[in-house]
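Asks: Chain order of the listed sequences is F and H.
Per this note's numbering: the first sequence = residues 1078 to 1190.
Per this note's numbering: the second sequence = residues 24 to 135.
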Amino acid sequence: NAGVTQTPKFQVLKTGQSMTLQCAQDMNHNSMYWYRQDPGMGLRLIYYSASEGTTDKGEVPNGYNVSRLNKREFSLRLESAAPSQTSVYFCASRPGQAGNTIYFGEGSWLTVV
Amino acid sequence: GNSVTQMEGPVTLSEEAFLTINCTYTATGYPSLFWYVQYPGEGLQLLLKATKADDKGSNKGFEATYRKETTSFHLEKGSVQVSDSAVYFCALVGSGNTPLVFGKGTRLSVIA
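(1) Alpha carbon to alpha carbon, what distance is there between Leu67 (chain H) and Gln61 (chain H)?
(2) Residues of the region 24–35 of chain H with a CB closer than 8 Å to any CB of chain F: list them in chain order, please.
(3) Would you mind stating whether Ser1164 (chain F) and Leu1187 (chain F) have Cβ atoms separated by less than 8 Å?
(4) So, are the CB atoms of Lys72 (chain H) and Gly84 (chain H) less than 8 Å apart?
(5) May I ask which residues mark the beginning and end of the beta strand (DSSP E) holding Tyr59 (chain H)?
(6) Among the residues of its own chain, which have a CB less than 6 Å from the CB of Ile1179 (chain F), if the five just before and after it don't count?
(7) Less than 7 Å between the CB of Tyr1112 (chain F) and some heavy atom of the ligand ZN, yes or no?
(8) Indicate the three-state DSSP secondary structure (helix, strand or coil) for Asp78 (chain H) in the structure shown.
(9) Just reading off the beta strand (DSSP E) that Arg1113 (chain F) is part of, what are its end residues?
(10) For Gln29 (chain H), which three-state DSSP category applies?
(11) Between the alpha carbons of Gln1102 (chain F) and Val1081 (chain F), how many angstroms are there, rounded?
(12) With distances taken between CB atoms, is the gap from Leu1146 (chain F) to Leu1098 (chain F) smaller than 8 Å?
(13) Below 7 Å on C-beta distance, what does Glu65 (chain H) contact in chain F?
(14) From Arg1149 (chain F) to Met1109 (chain F), what distance separates their C-alpha atoms?
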């Protein structure tokens, strides 16, 4: 049981390059999320998908796009990376009901130089 | 909107000391409350949760009670170990299918 799997785990990008972070869950969860974690800031929500076919902006969506490809997969794209996007990115999923536990992937460390 | 405020760290304790990490929240309706733990280089793991007022969540010696009257969910452990060194996040999810909102995290270091 893999849970939430995200790739890549580490990536270094040059300013202006694009890349996609992939996330997949095998728990048949309805809701999926992308967070970024920065020192002293906790986790901030970038985008989320409450159910297959829907996506919504979170607290810090600028510079990102997402795709809910199917129920399992939720990708995060940086079209033109900036140093301010250097962060640790976490994908997460939840069955969809309030109170249900949210499960996290192991994180993707992204550095933009 | 919903928000979580938790005590800022870092917190440094000696082994076997008593731990309290304060967490208060602002939310409409009846949120569910969580504590997550993050060990170095890892993702977040659920530590405990409570879904209604006066519920007590507990796991691995940690406890937290959902206090609606004080809008709090303080994390406690009677005797910490070196292995408890980690970052602890308080979080809530509001009614309906809304995303989890996190506090900024509290780093705990336990020294032998």
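From the three backbone atoms N, C-alpha and C, an ideal C-beta is built for every residue, glycine too.
These numbers come from a predicted model, not from an experiment.
Replies: Put simply:
(1) 5 Å
(2) none
(3) yes
(4) no
(5) Ser55 to Gln61
(6) Ala1169 and Arg1171
(7) Looking at this structure, you won't find the ligand ZN or any other ligand, since it has none at all.
(8) coil
(9) Ser1108 to Asp1115
(10) strand
(11) 4 Å
(12) no
(13) Glu1183
(14) 9 Å
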